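Novice: Numbering follows numbering that gives the first Met the number 0, in which position 77 of the sequence shown is assigned residue number 76; successive positions increment by one, without gaps.
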Amino acid sequence: MDIQKLIKLPESKTLEFKRDSSSLESILKTIVAFSNTAGGILIIGVADDHTIYGLENPSKSEEQIVNSVAHRIKPQISPDFHIMEVKGKFILVIQVDYLLAPYYLSDKGEEKGVYIRIGNSNRLASVEAIAEMKRAKQHPFFDKAPCDSVVESDLDKELILKTFSDHKVTIDTSKLFSIGLLVQKGKRILASNGGVILFGKADIRQKYFPYAEVRCARFSGSSRAEFIDRLNIEGGILAAVTEVPKFIRRNTKTAGKFGSMRRRDIPEYPIDGIRETLTNALVHANYEISGTRIFVAIYDDKLEIQNPGIMPPGMSIEQFKAGVSRIRNPVIARIFSELELVEEWGSGYKRIREACQKDGYPEPIWEEFGTVTRVTFFPHPEVVKISVEAELGPSRDQVGTKLGPSWDQVKSEEVWDSEVMILLDRCHIPQNIIELMDVLKWTNRTKFRHRYVVPLIKKGLLKMTVPDKPQSSKQKYQLTEEGSKQRASLETKPGPSWDQVGTKLGPGWDQVKTESKWDLEAITLLGQCRTPQNITDLMNVLKWTNRTKFRHKYIVPLVDAGLLTMTVPDKPQSSKQKYQLTKKGLKELTKNSVK
């Protein structure tokens, strides 16, 4: 043990400092937490700022702690005690091994006396954590255990066959036993917990494991205050392997870096590293914990993958990084291995780190919070650089070549064509960016600029009224001669109606009449509008909080379809604006009420 080196390290899951031995309660909690989690070293006589104070009588301190451990910790444990001299001062080093748990303070009892280590602090263990400790002591795994009364027919055989078909694996009852999806309990054949989590029919999964699912969200800014996009993945955790990357692709940027011969696209986040981390989260999540799901969150400045459960008993993040492997869910891990979704066990962190280093991404951060583990990725420096340049005002040569779509890319998108025509029409007289954003009901200036203004200027369809100062507060945008021609050509096309635009901003009336949920919500709104209602009143009815998305999803299609009318039609954005049922809307409401 290199004590000099150890003292310089920060406190962690497996290391803690105490200035003195005066607080026996705190010392005992740390010993219990180390025993229950991953072992650890407690150094007494050194403060957490690494200052060495030493102990006046280390032998007396040792005797007090040994007696307290013997009388107050159950079951009995025997940590190793070492009195060591550092820089002329004596300190007490207590080395605690990870032991089959749970250990607890006897005067508090098992319910309130079991502590575990989270980061560099001691926390009371949850009921689920204590249950996992007890299972580890008896050797069975949660995903191997039989799931109540769930039988073979409750598994989705079609999904199982489809999943294994590409790997030329013959699936029958015998195979389901061998891979752990079915287990024997007395004379009964039941599905295992892992089998239900992976392949249970939807209603069965929902009944027994409602939280064994993956949810994704894209937030505006760096907090969870406002959603931009979200996805609740249906079909079990295996579906997340393909669906999560799709969600990430549509909600992150790609930078273009030009070399001597060709352009190289740089994703905002490391694709291989995220895929490996997602797989790790799916395989090692603690599915016994209720109320917590696997969650993928994208912000403006980071991407997080979070799963229920801290490191398995006896494991620390440091050991994980060192290549130590301890499988929490052997059934789920076996299936992922059969499907070639994982490589060699214990090499995950190494592959993630190498993927980031190879392509120039910052190294991700692993953290434990309460009952969850979270991995945070950060954007590629090149993407950050280009984003900053775009905010500060790129040169004319840069415009549209990086983050914004080019005109040729977007010209094939009918919805985009429709919106461009609206903007070009407005810009026959100079308009500032706020005025243009209001036209299309956008609130994010940066994304609006990348989506519309930058490509239109690059194509020469719009021009700046203050070209030498792109970020001027007086900046406006005006139609060019080429823009006038393009506007005229777009007007000759059969432009999409709001029903078509609804494929991006919200479904149109004709579309949603076949969608029962939207149909029900639309009819609910029509019923409310027998008397004039403002948008806040209507949002409250359907429990919405985002005004812009609510307007695009419901109000615009209903007004365009002639089912609702505005009480202040000349001022759509008036603070006094309300919406009222039309005769056509009343007929639609009556017709649907009769059904």
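Just so you know, even glycine gets a beta-carbon here, dropped at the ideal spot from N, CA and C. Every value quoted in this text rests on a predicted model; they were computed, and no experiment measured them.
(1) Count the other C-beta atoms from every protein chain shown that fall within 10 angstroms of the C-beta of glycine 185, then say buried if there are 16 or more, exposed otherwise.
(2) Kindly list the residues whose CB is nearer than 8 angstroms to the CB of aspartate 153, restricted to its own chain and excluding five residues on each side of it in sequence; keep chain order.
(3) Cysteine 215 bridges to which residues according to DSSP?
(4) I believe tyrosine 348 touches phenylalanine 368 by the beta-carbon criterion, under 8 angstroms. Please report the beta-carbon distance rounded to the nearest angstrom.
(5) Between isoleucine 90 and isoleucine 43, is the Cβ-Cβ spacing less than 8 angstroms?
(6) Is serine 221 closer than 8 angstroms to aspartate 299 when the C-beta atoms are compared?
(7) Using only alpha-carbon positions, find the residue among Val149, Glu212, Arg327, Glu62 that is nearest to valine 295.
(8) Using the beta-carbon count (16 or more within 10 Å), is threonine 589 buried or exposed?
(9) What does a CB cutoff of less than 6 angstroms around aspartate 79 pick up in its chain, not counting 5 residues either side in sequence?
(10) Taking 8 angstroms as the cut-off, decide whether the C-beta atoms of proline 378 and glutamate 267 are in contact.
(11) Tell me which residues share the same chain as phenylalanine 208 and place their Cβ nearer than 8 angstroms to its Cβ, disregarding the 5 neighbours each side in the sequence.
(12) Determine the extent of the alpha helix (DSSP H) in which serine 164 is found, giving its start and end residues.
(13) Under 8 angstroms by Cβ, that's how I've got glutamate 587 and leucine 525 pegged, so tell me the actual separation to the nearest angstrom.
(14) Could you work out which residue in Pro571, Glu520, Asn533 is closest to proline 552 when comparing CA atoms only?
(15) Quick one: using the 10 Å Cβ neighbour count with 16 as the cut-off for buried, is valine 45 buried or exposed?
(16) For serine 191, which three-state DSSP category applies?
(17) Quick check: the Cα distance between isoleucine 334 and aspartate 142, rounded to an integer number of angstroms?
(18) Mind checking who aspartate 79 pairs with in its DSSP beta bridge?
(19) Going by Cα to Cα distance, which pick from Cys215, Ala224, Gly235 is closest to arginine 248?
(20) Take the Cβ of threonine 29 as the centre, count every other Cβ of all protein chains shown within 10 Å, and call the residue buried at 16 or more, exposed below.
(21) For the alpha helix (DSSP H) that proline 454 lies in, which residues bound it at each end?
(22) Which residue's Cα is closest to the Cα of threonine 375: Pro269, Lys384, Trp365, Val383?
(23) On the DSSP letters alone, give me the boundaries of the beta strand (DSSP E) that threonine 276 sits inside.
(24) DSSP state of asparagine 250, grouped into three classes?
(25) Apply the 10 Å Cβ neighbour rule to serine 20 and answer buried if 16 or more other Cβ atoms are within range, or exposed otherwise.
(26) Could you tell me which residues DSSP pairs with methionine 565 in its beta bridges?
(27) Just tell me which of Tyr97, Leu27, Leu98, Lys59 has its CA closest to the CA of isoleucine 72.
(28) Under a three-way DSSP split, which group does aspartate 19 fall into?
(29) From the DSSP output, which residues share a beta bridge with glutamate 267?
(30) Would you call the segment 272-286 in contact with the segment 3-18, where contact means no fewer than 3 C-beta pairs closer than 8 angstroms?
(31) Beta carbon of asparagine 250, beta carbon of alanine 280: below 8 angstroms?
(32) Less than 8 angstroms between the C-beta atoms of isoleucine 82 and serine 105, yes or no?
(33) Buried or exposed: where does arginine 217 fall if 16 or more other Cβ atoms within 10 Å of its Cβ makes it buried?
(34) If I measure Cβ to Cβ from lysine 421 and keep anything under 8 angstroms in the same chain, skipping five residues before and after, which residues do I get?
(35) Taking its Cβ as the centre, do 16 or more other Cβ atoms sit within 10 Å of alanine 239, making it buried, or is it exposed?
(36) For glutamine 183, list the residues DSSP reports as bridge partners.
Specialist: Reading it off the structure:
(1) If you number the sequence shown from 1, residue 185 lands on position 186. With fewer than 16 Cβ atoms within 10 Å of its Cβ, glycine 185 is classed as exposed.
(2) Looking up residue 153 in the sequence shown gives position 154. Only Ala190, Val195, Gly199, Lys200, Ile203 meet the Cβ criterion.
(3) On the sequence shown, position 216 is the one that residue 215 refers to. Partner(s): Leu230, Val295.
(4) Numbered from its first residue, the sequence shown carries residue 348 at position 349. Numbered from its first residue, the sequence shown carries residue 368 at position 369. Contact doesn't hold; Cβ gap of about 19 angstroms is too wide.
(5) As a first step, residue 90 is located in the sequence shown; it is residue number 91 there, counting from the start. As a first step, residue 43 is located in the sequence shown; it is residue number 44 there, counting from the start. Cβ distance < 8 angstroms, so isoleucine 90 and isoleucine 43 count as in contact.
(6) Stepping through the sequence shown from its first residue, residue 299 is reached at position 300. Stepping through the sequence shown from its first residue, residue 221 is reached at position 222. In this structure, serine 221 lies closer than 8 angstroms to aspartate 299 by Cβ.
(7) Counted from its first residue, the sequence shown places residue 295 at position 296. Out of Val149, Glu212, Arg327, Glu62, Glu212 has the C-alpha closest to the C-alpha of valine 295.
(8) Indexing the sequence shown from 1 puts residue 589 at position 590. The residue is exposed, with fewer than 16 neighbouring Cβ atoms inside 10 Å.
(9) Mapped onto the sequence shown, residue 79 falls at position 80. Cβ neighbours of aspartate 79 beyond the five flanking positions: Gln94.
(10) Indexing the sequence shown from 1 puts residue 378 at position 379. Indexing the sequence shown from 1 puts residue 267 at position 268. Yes, they are a contact pair.
(11) As a first step, residue 208 must be located in the sequence shown, where it is residue number 209. Within the same chain, phenylalanine 208 has close Cβ partners Asn192, Val195, Ile196, Gly199, Tyr286.
(12) Along the sequence shown, read from residue 1 onward, the residue named residue 164 stands at position 165. Segment 156-164, the alpha helix (DSSP H) holding serine 164.
(13) As a working mapping, residue 587 is identified with position 588 in the sequence shown. As a working mapping, residue 525 is identified with position 526 in the sequence shown. 7 angstroms between Cβ atoms; contact.
(14) To locate residue 552, count along the sequence shown from 1; it is residue 553. Note that residue 552 is lysine in the sequence shown here, rather than proline. Checking every option, the nearest Cα to that of lysine 552 belongs to Glu520.
(15) For the purposes of this step, residue 45 is identified with residue 46 of the sequence shown, where counting begins at 1. Burial call: buried.
(16) Here residue 191 is taken as the residue at index 192 of the sequence shown, counted from 1. DSSP places serine 191 in strand when its eight states are reduced to three.
(17) For this step, residue 334 is matched to residue 335 along the sequence shown. For this step, residue 142 is matched to residue 143 along the sequence shown. The straight-line gap from Cα to Cα measures roughly 12 angstroms.
(18) On the sequence shown, residue 79 is found 80 positions in, with the first residue counted as 1. In DSSP, aspartate 79 forms a bridge with Gln94.
(19) For the purposes of this step, residue 248 is identified with residue 249 of the sequence shown, where counting begins at 1. Among Cys215, Ala224, Gly235, the Cα nearest to that of arginine 248 is on Cys215.
(20) The residue you call residue 29 lines up with position 30 of the sequence shown. The residue is buried, with at least 16 neighbouring Cβ atoms inside 10 Å.
(21) Your numbering for residue 454 matches position 455 in the sequence shown. 453-457 is the span of the alpha helix (DSSP H), which, as asked, contains proline 454.
(22) For this step, residue 375 is matched to residue 376 along the sequence shown. The shortest C-alpha separation from threonine 375 is found at Trp365.
(23) Translated into the one-based positions of the sequence shown, residue 276 becomes position 277. Here threonine 276 belongs to no beta strand (DSSP E); instead the alpha helix (DSSP H) covers 270-283.
(24) Within the sequence shown, the letter at position 251 stands for residue 250. Here asparagine 250 sits in coil by DSSP.
(25) By one-based count along the sequence shown, residue 20 stands at place 21. Classification of serine 20: buried, given that the 10 Å Cβ count is 16 or more.
(26) For this step, residue 565 is matched to residue 566 along the sequence shown. In the DSSP output, where bridge partners are listed per residue, methionine 565 has Tyr578.
(27) Here residue 72 refers to the residue found at position 73 when the sequence shown is read from its first residue. If we check each option's Cα against that of isoleucine 72, Leu27 comes out closest.
(28) In the sequence shown, residue 19 corresponds to position 20, counting from 1. Note: aspartate 19 maps to coil in three-state DSSP.
(29) Locating residue 267 in the sequence shown gives position 268, where the first residue counts as 1. DSSP output for glutamate 267 lists no bridge partner at all.
(30) no
(31) Residue mapping note: residue 250 aligns to position 251 of the sequence shown, counting from 1. Residue mapping note: residue 280 aligns to position 281 of the sequence shown, counting from 1. No, the pair does not count as a contact, with Cβ atoms beyond the cut-off.
(32) The count along the sequence shown starts at 1 and reaches residue 82 at position 83. The count along the sequence shown starts at 1 and reaches residue 105 at position 106. No, Cβ-Cβ distance for isoleucine 82 and serine 105 is not below 8 angstroms.
(33) The residue labelled residue 217 in the question sits at position 218 within the sequence shown. Under this definition arginine 217 is a buried residue.
(34) Sequence index remark: in the sequence shown, residue 421 carries index 422 (1-based). Correcting the residue identity first, residue 421 is isoleucine in this sequence and not lysine. Within the same chain, isoleucine 421 has close Cβ partners Val438, Leu439.
(35) One-based indexing of the sequence shown puts residue 239 at position 240. So alanine 239 counts as buried.
(36) Against the sequence shown, residue 183 aligns to sequence position 184. Ile188, per the DSSP bridge assignment.
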